[in-house]
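Written below as structure tokens is the structure these notes are about.
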Amino acid sequence: MNSYRTEGCTLSGALSVTTAIKDGITLIHGPEGCAHHNSSLLHALMVDSGRLFAPAILSTSLTETEVIFGGEEALEDTIRRAAASEPGVICVLTSCVSAAIGDDVRAVCRDFSHLPVVVVPTGGFLGGGFSQGVEEALMALSDFGEMGEKTGSVTLIGEKNLEYEVEANYQEVSRLLSLLGISIELRFVRNITATAMKKLGSSSVNILRDPSLIRVGNFLESRFGIPFIPGFPVGLEETLVFLETVGKTLGIDSSRAAAAEKENQHRLIGSFHNFHGRVLSPGGNGPPDQPVFKELEQIFDISFEDHGKPVPIPDPLPVGTSGLSRMLHRWRRICRE
Amino acid sequence: MTGAVSCLAGIRGMGVIIHGSSGCYYYPATILRRELHCSFLIEEDIIFGAAQRLRDLISEIRSQYKTIAVVQTCTPAIIGDNIEDFPGMQDIIMVDSPGFLGTFEDGYLHAQELLPVSVDPGKKGVNLDGINLIDPFSSGNTMETVRIVTNAGIPIAAVFSSCPLEHLSGIPPRTVSANPDLSGTWGENSGSLLGIDQTTKTIVDLTERGGYGNPDEILKEAAIAEQQIIRSCDKYLQRFDPPSVALFGGFSYVVFAARLLEKYLDASLVCIGSRNQPRPSRFRVAATGSLTMVRDLIEQDPPDLILGSSFERTICPSAAFVPFTYPLRGMVRIRARPLAGIQGELALMEEVLNACIDRTGHGPDEYADPSADFQALCK
């Protein structure tokens, strides 16, 4: 079955972005069930990651009456209710119900132009899947960005807020950029205020979480003139290329940073010398045809066979040298069983 | 939709299809932990018609189950997908249960009405209802209520909704409930087992009206349990003030807990929030349909103790917490815990006292070895 059918609701994708605005409220124009399902999902994943989290989500609570007579009035009432707590931003997300009954959500929100209201046209599953929701939310929120003087810093675009390793991946990218003497100006969108989003037009390069966000990268480039790197690095070689590419984009000599990282990678390889010759069987997403696994086969003289020791293949793939190191530690622990 | 699925998925031998998108499917699939099927609709199915996709899925899984139930989600319900008129589809149970039609309980009760049940007025025994897969007390309530009823010499027939499909045929005419919010669809409502007082009343009524069985052992056990609770609560009150409590959950559960906390601990009930529509009661119960409302209630008068879900725990982490309704995240819960019956009342008060004592930081010496209390009381 194609993944588009099974990847989850557009609402969930958009909510993974909008609920990461610390002073924002997200309003779902749909039945209460959509708000409950998604609140529960976000809560569960955040608690699993060690964060007590209750997302700021309101529902327009559409019932059969609104399905028949329209839900625009319910939307107006709920925007007023959200505005009462003076949030930094009110994100209005549409569900498949509001899309099917044809409410003119943009027109309703235009009447609240004195408030920081942004419409994210999700449309539930009628608007695509989870990743489409992420894209739509990022592009809608980019309205808050202001063109500014380029500061030589970096903005991270579209970190996967529901990913278990999201902070570890951030730390790794931060570490790599620090080798180049570069800091991260903005995490768009993760644990930031609505005001912070103004800085979206001020960084010198955007780094996308992964290449699925190319459309967002192109959109921001055309809007703010900021070039982008298509994804966080995966694998040892790609990590070195990442340093070189970021350096080149910002006009920085990356040779010392690359040499330091290469040294770091040599230490990692040395610490796994006893891993040589292992036969592993990839789980999860099936045969590892990504370049990083070919790289591992060559460096560690390991092989991936159906009869090998079953090991998990992380999804998404591990980021940078540190991510690869964590995956190898997990594999070695399994091989000891 | 989730309420309907929760009801149907408890019937073993019934295949359950969610006719909707993957987003609608994942929540019940992950929280109920039962095998569920989905038509995984996308936009083009809505434009060109989703009925054929559903018929194909039914044909694919039909041989695995004795019967199939289809739960309609919002968009197929709006566009009016209907497969019952197609050849070979007449025996499919179609449950029109889009989210916009009501609460979890509405969906559950609607699906319960559509179960293939037949009543045998002469059959001995009693049915049990109010068992709901999503409820953290689901398996504990089943075990405890079955124990009590069978110990009184009354056989249990159908369990709504956790039994094999065959048990729904020829059920006896009376039904007792572990959760009155979900009761009343099948059989004459013959009482509740939520709370020791209700349990003893129901068991006595059943034995008297049925003319068989014996309530004596249950009555004796109930009396001992009540004394245990009173003794433990009295000890608590000797050292501590009664807690101020916020309660969140289904209506019947929160009213039950409110009764106990007032009765045994003279607790101050600062807010009682019901996820479903509150009914008349002597307590002031607010309908809490959103986290914002929950937050407002808690912030108005912060409690010492919260009975609720991990949502409420997150909102007020400084309060003592007793897990009481779903979702319950960030904790390990793998054993069966009853809320109904005698053990249910004991378990709830035990958890309440321990949570309150833990919050005070005082040692629990005086409360140690409750089994000794039990032995003493039995003598």
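Protein chains in written order, with my numbering: chain G, 1 to 337; chain C, 1001 to 1379. For glycine and all other residues, C-beta sits at the position ideal for the given N, C-alpha and C.
With 8 Å as the threshold, decide whether the Cβ of residue 47 of chain G is near any Cβ in chain C.
yes
Taking only the alpha-carbon atoms, compute the straight-line gap between residue 306 of chain G and residue 52 of chain G and give it to the nearest angstrom.
40 Å
Just to confirm before moving on: does the CB-CB distance between residue 135 of chain G and residue 5 of chain G stay below 8 Å?
no
Secondary structure of residue 305 of chain G, DSSP reduced to three states
coil
For residue 206 of chain G, count neighbouring C-beta atoms within 10 Å of its own C-beta (all shown protein chains included) and say buried if the count is 16 or more, exposed if not.
buried
Buried/exposed call for residue 1048 of chain C, threshold 16 Cβ in 10 Å:
exposed
Under a CB-based cut-off of 8 Å, is residue 252 of chain G close to chain C?
no
Taking the alpha carbon of residue 1208 of chain C as the point to measure from, which residue in C:1152, C:1053 and C:1037 has its own alpha carbon closest?
C:1152
Per the contact definition of three or more C-beta pairs closer than 8 Å, is the region 226–245 of chain G in contact with the region 319–337 of chain G?
yes
Start-end ranges of the beta strand (DSSP E) lying completely within the region 1217–1255 of chain C, minimum 3 residues
1244–1249
Any beta carbon of chain C sitting closer than 8 Å to that of residue 8 of chain G?
yes
Inter-stretch contact at 8 Å, needing at least 3 Cβ pairs: the region 1021–1041 of chain C / the region 1176–1187 of chain C
no
Residues near residue 1187 of chain C by beta carbon distance below 6 Å, same chain, minus five either side
1127, 1173, 1174 and 1175
For residue 57 of chain G, does the count of other Cβ atoms within 10 angstroms reach 16, so buried, or fall short, so exposed?
buried
Whose Cβ in chain C lies nearer than 8 Å to the Cβ of residue 53 of chain G?
1314
Reducing DSSP to helix, strand and coil, say where residue 1176 of chain C ends up.
strand
The alpha helix (DSSP H) that contains residue 1293 of chain C, what's its start and end?
1291–1300
Below 8 Å on the Cβ atoms is my contact criterion, and I expect residue 1248 of chain C with residue 1345 of chain C to pass it. Report the Cβ-Cβ distance as a whole number of Å.
Incorrect: roughly 19 Å between the Cβ atoms, too far for contact.
Is the beta carbon of residue 1334 of chain C sitting closer than 8 Å to the one on residue 1321 of chain C?
no
Hey, quick one: how far does the alpha helix (DSSP H) through residue 322 of chain G stretch, first residue to last?
320–336
Under 8 Å Cβ-Cβ, which residues of chain C neighbour residue 31 of chain G?
1074, 1098, 1099 and 1100
Measure from the C-beta of residue 63 of chain G to each C-beta in chain C and report whether the shortest distance is under 8 Å.
yes
How would you write the range of the beta strand (DSSP E) that residue 185 of chain G sits in, first residue to last?
184–188
Using DSSP with H/G/I as helix, E/B as strand and the rest coil, what is residue 1129 of chain C?
strand
What do you get for residue 1014 of chain C, buried or exposed, if any count of 16 or more other CB atoms within 10 angstroms of its CB means buried?
buried
Taking the CB atoms as reference points, tell me whether residue 7 of chain G and residue 131 of chain G lie closer together than 8 Å.
yes
Reduced DSSP secondary structure (H/G/I, E/B, other) of residue 1356 of chain C
helix
C-beta neighbour in chain G for residue 1291 of chain C, strict 8 Å:
yes
Considering Cα atoms alone, identify which of G:274, G:21, G:298 and G:291 is closest to residue 331 of chain G.
G:274
What residues from the region 1316–1334 of chain C come within 7 Å of chain G, judged by C-beta to C-beta, listed N to C?
1317, 1327, 1329 and 1330
Among residues of its own chain, excluding the 5 on either side of residue 82 of chain G, which ones have a beta-carbon nearer than 7 Å to its beta-carbon?
25, 27, 58 and 90
Give me the subset of the region 96–108 of chain G whose CB atoms are less than 9 Å from a CB atom of chain C, sorted by chain position.
96, 97, 99, 100 and 101
Going by the CB atoms, is the gap between residue 10 of chain G and residue 129 of chain G shorter than 8 Å?
yes
Close-in-space but distant-in-sequence residues of the same chain around residue 31 of chain G (CB under 8 Å, 5 per side omitted):
59, 61, 62, 63, 95 and 97
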